[in-house]
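Number of protein chains: 2
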Amino acid sequence: MKIIRKINEMQKHASSLKRQGLSIGFVPTMGYLHEGHISLMRQAKTDNDICAISIFVNPLQFSPREDFKSYPRDIKRDLKLARNAGVDIVFFPDAKEMYDADFLSEVYVSKMSGILCGLSRPEHFKGVTTVVSKLFNIVSPDRAYFGQKDFQQARIIEKMVEDLNFPIRIRVMPIIREPDGLAMSSRNVYLSGRQRLEALILNRALSEGARLIRDGIRQSGRIISTIKNLISTVKSAKIDYVEIVDADTLKRKKLLDGKTVILLAVKFGKVRLIDNKIIKV
Amino acid sequence: MKIIRKINEMQKHASSLKRQGLSIGFVPTMGYLHEGHISLMRQAKTDNDICAISIFVNPLQFSPREDFKSYPRDIKRDLKLARNAGVDIVFFPDAKEMYDADFLSEVYVSKMSGILCGLSRPEHFKGVTTVVSKLFNIVSPDRAYFGQKDFQQARIIEKMVEDLNFPIRIRVMPIIREPDGLAMSSRNVYLSGRQRLEALILNRALSEGARLIRDGIRQSGRIISTIKNLISTVKSAKIDYVEIVDADTLKRKKLLDGKTVILLAVKFGKVRLIDNKIIKV
Chain A
257 MKIIRKINEM QKHASSLKRQ GLSIGFVPTM GYLHEGHISL MRQAKTDNDI CAISIFVNPL
317 QFSPREDFKS YPRDIKRDLK LARNAGVDIV FFPDAKEMYD ADFLSEVYVS KMSGILCGLS
377 RPEHFKGVTT VVSKLFNIVS PDRAYFGQKD FQQARIIEKM VEDLNFPIRI RVMPIIREPD
437 GLAMSSRNVY LSGRQRLEAL ILNRALSEGA RLIRDGIRQS GRIISTIKNL ISTVKSAKID
497 YVEIVDADTL KRKKLLDGKT VILLAVKFGK VRLIDNKIIK V
Chain B
257 MKIIRKINEM QKHASSLKRQ GLSIGFVPTM GYLHEGHISL MRQAKTDNDI CAISIFVNPL
317 QFSPREDFKS YPRDIKRDLK LARNAGVDIV FFPDAKEMYD ADFLSEVYVS KMSGILCGLS
377 RPEHFKGVTT VVSKLFNIVS PDRAYFGQKD FQQARIIEKM VEDLNFPIRI RVMPIIREPD
437 GLAMSSRNVY LSGRQRLEAL ILNRALSEGA RLIRDGIRQS GRIISTIKNL ISTVKSAKID
497 YVEIVDADTL KRKKLLDGKT VILLAVKFGK VRLIDNKIIK V
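Chains as they are written, first to last, in the working numbering: chain A, 257 to 537; chain B, 257 to 537.
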């Protein structure tokens with residue numbers, strides 16, 4: 257497994273792989289890898305000759321009040337997990353390598369970036385699309401892999417790729433959950449034992465929403481109320497949002513039809529968790 | 257010479273050229289080609305195996321009050337000129353092919369895009385960087401060529417390429433002038449016979465500025481005043497700006513040192529012309 261820390265070197269290596277006719281599958285990560293990431297790497301390895309991942313905690317996508325400094329990091333463990341997953345290349349730059357002191361450029365997907373998670377984190381998705389554009393230009397993948405756990409992020413990146421014509425196929429892979437149903441996330445380590453148990457309400461509430469839809473309910477308002485009420489039974493849970501939107505446009509839907517997503521963000525103490533469920537009506 | 261109208265087809269063709277180990281030099285244009293464009297194509301042909309150009313009048317970079325609809329177009333003539341210049345590929349999409357009805361993405365270089373020409377045309381450079389990002393992703397060039405005539409544009413694109421790590425080398429080629437000194441521009445056809453003569457003041461004023469600097473003057477203010485006074489001797493000339501800035505950062509310089517540019521934009525009737533001169537002090 258090759259570990260590359262310089263942009264220049266990564267670009268040269270990618271271009272040499274391309275000249276050899278090898279395809280590259282790419283999984284961008286912020287490290288602190290879990291089974292969710294590993295599932296993306298396995299898929300990248302299945303679909304491509306080469307599996308490249310990046311490990312970079314991107315300062316641009318954290319607001320000043322957020323957990324950039326304390327975001328969990330463990331590069332030794334990450335490299336071991338990557339090696340076991342059959343990763344060929346780890347691109348692991350530092351922040352100075354990625355952002356010059358006079359960095360001025362930004363990539364933005366309007367409308368989609370200012371709603372849902374973008375409402376409480378207005379600069380977040382601009383940071384994501386900017387760094388992902390950079391990583392795409394550095395790694396030159398044929399395919400890139402994102403988790404459905406960050407549904408809005410994945411959809412925004414798909415839209416960016418479509419609009420800006422990146423010659424890259426995006427694959428969004430299913431949410432990987434703990435055996436008890438909690439969606440895997442690097443931030444789960446922040447949860448106290450008690451919060452960890454309380455957080456199970458998220459997946460349960462989404463399942464209850466899905467059940468209502470199976471039972472024929474089509475009014476988003478009713479489904480959202482039920483989900484909110486269920487989450488509110490956990491006193492420490494502070495709801496950021498529960499929304500039902502079109503899976504392509506991310507626009508709110510009053511009545512469910514076609515491909516729809518139930519999305520939620522809820523805080524347990526200082527830990528903000530997100531989860532979602534895709535519904536085809 | 258291959259004429260390609262579909263993004264998909266252009267991407268496939270570029271990727272096949274790459275697999276053959278051929279390098280691509282790229283000249284993005286809005287058509288109505290003149291010797292300035294041709295000089296870029298010749299350089300692209302010299303430096304690369306393949307010379308590709310695009311002809312696309314980009315609606316995003318025109319404000320509603322500007323000349324998008326009336327911008328001069330003559331595809332037959334353009335194709336003939338391109339063929340004569342040894343161009344291998346002309347990418348010639350229509351606006352629907354480039355921009356879906358639900359297009360949402362933008363690429364922006366902050367600070368540099370809101371000054372000089374960006375002051376009176378606030379959305380202009382965002383339109384330029386967005387379309388150039390698209391074209392780079394569609395054509396996958398090794399090198400791309402821009403004219404120094406649009407100095408600010410070229411510098412913004414260099415900055416974007418640097419910041420976002422496009423694996424592309426940018427070359428900025430010298431201004432090509434008519435025998436009497438007027439910088440070549442597709443918009444010169446708008447000038448009446450009289451305006452055409454009056455516009456000669458621009459190059460003359462820039463030369464006068466350069467002469468002052470050769471004579472030892474270093475205060476930007478004095479040089480700018482002299483240039484403005486000279487231009488004002490032509491009654492129909494309406495100055496948009498005359499500025500002296502650092503050639504890298506585009507920041508204003510009170511005292512000249514290092515690589516500096518004198519930039520100006522002046523209207524003759526409805527025709528807005530730009531010109532500039534690089535000075536090494």
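All residues carry an ideal CB built from backbone N, CA and C; glycine is no exception. Just so it is clear, the structure is predicted and the values come from calculations on it, not from any experiment.
Asked                                                                                                                     : Found
Chain B contact for SER389 of chain A (CB, 8 Å cutoff)                                                                    : yes
Below-8 Å beta-carbon distance, LYS367 of chain A vs any chain B residue                                                  : yes
Unbroken beta strand (DSSP E) run spanning ILE424 of chain B, endpoints                                                   : Segment: none, ILE424 of chain B is in no beta strand (DSSP E) and carries neither H nor E.
Same chain only: Cβ atoms within 7 Å of LYS382 of chain B, ignoring 5 sequence neighbours per side                        : GLU362, TYR364 and SER369
Check whether PHE347 of chain A and MET266 of chain A have beta carbons under 8 Å apart                                   : yes
8 Å Cβ cut-off: residues of chain A touching MET416 of chain B                                                            : SER361
Residue burial classification, ASP259 of chain B (beta-carbon count within 10 angstroms, cutoff 16)                       : For clarity, residue 259 of chain B is Ile in the given sequence; the question names Asp instead. ILE259 of chain B should be labelled exposed.
ASP406 of chain A versus GLY477 of chain B - alpha carbon distance                                                        : 53 Å
Bounding residues of the alpha helix (DSSP H) (the contiguous stretch that carries VAL283 of chain B)                     : No alpha helix (DSSP H) contains VAL283 of chain B, which is instead part of the beta strand (DSSP E) from 280-285.
Interface flag, GLY277 of chain B vs chain A, CB-CB below 8 Å                                                             : yes
Contact set for GLN451 of chain A: own chain, Cβ-Cβ below 8 Å, skip 5 residues either direction                           : SER492, PHE524, GLY525 and VAL527
Option nearest LYS494 of chain A by Cα separation, candidates A:VAL501, A:LEU458, A:ASP513 and A:ILE479                   : A:LEU458
Residue-chain proximity (PRO284 of chain B, chain A), Cβ-Cβ < 8 Å                                                         : no
Buried/exposed call for ILE331 of chain B, threshold 16 Cβ in 10 Å                                                        : exposed
Through-space distance from SER488 of chain B to ILE311 of chain B, alpha-carbon basis                                    : 36 Å
Strand pairing of MET429 of chain A, partner residues [DSSP]                                                              : A:GLY403
Neighbour flag for ASN421 of chain A against chain B, beta carbons, 8 Å                                                   : yes
N-terminal and C-terminal residue of the beta strand (DSSP E) that PHE381 of chain B is part of                           : Premise fails: PHE381 of chain B lies in the alpha helix (DSSP H), 380-395, not in any beta strand (DSSP E).
Minimum Cβ-Cβ distance from ASN304 of chain A to chain B less than 8 Å                                                    : no
Partner residues on chain A for ILE311 of chain B, Cβ-Cβ distance less than 9 Å                                           : Within chain A, no residue comes near ILE311 of chain B; the closest Cβ sits about 17 Å away, beyond 9 Å.
Simplified DSSP assignment, three categories, for THR516 of chain A                                                       : strand
Limits of the alpha helix (DSSP H) - the one that LYS274 of chain B falls within                                          : 263-275
Coarse secondary structure for SER481 of chain A, derived from DSSP in three states                                       : helix
Residue span of the alpha helix (DSSP H) that contains LEU529 of chain B, given as start and end                          : First-last for LEU529 of chain B: 527-536, but that is the beta strand (DSSP E), not the alpha helix (DSSP H).
LYS274 of chain B at chain A interface by Cβ criterion, 8 Å                                                               : yes
Top-ranked residue by Cα proximity to ASP504 of chain A, from A:ILE534, A:TYR497, A:ASN485 and A:LEU511                   : A:ILE534
Test item: CB-CB of LEU462 of chain B and ILE518 of chain B under 8 Å                                                     : yes
Simplified DSSP assignment, three categories, for LYS494 of chain A                                                       : strand
Expected contact under 8 Å - CB spacing of ASP513 of chain A and VAL498 of chain A to nearest Å                           : About 19 Å; that fails the 8 Å criterion.
Bridge-paired residues (DSSP) for ASP502 of chain B                                                                       : B:THR516
Proximal residues of chain A, C-beta to C-beta of SER271 of chain B below 8 Å                                             : PRO423
LYS352 of chain B versus B:ILE263, B:GLY472, B:PRO320 and B:ILE306, residue with shortest Cα-Cα distance                  : B:ILE263
Short Cβ contact (8 Å threshold) for MET286 of chain A with SER441 of chain A                                             : no
Per-residue burial, PRO397 of chain A [other beta carbons within 10 Å of its own, 16 or more giving buried]               : buried
Sufficient close CB pairs (3 or more, under 8 Å) joining the segment 381-395 of chain A to the segment 418-425 of chain B : yes
Three-state secondary structure assigned by DSSP to SER295 of chain B                                                     : helix
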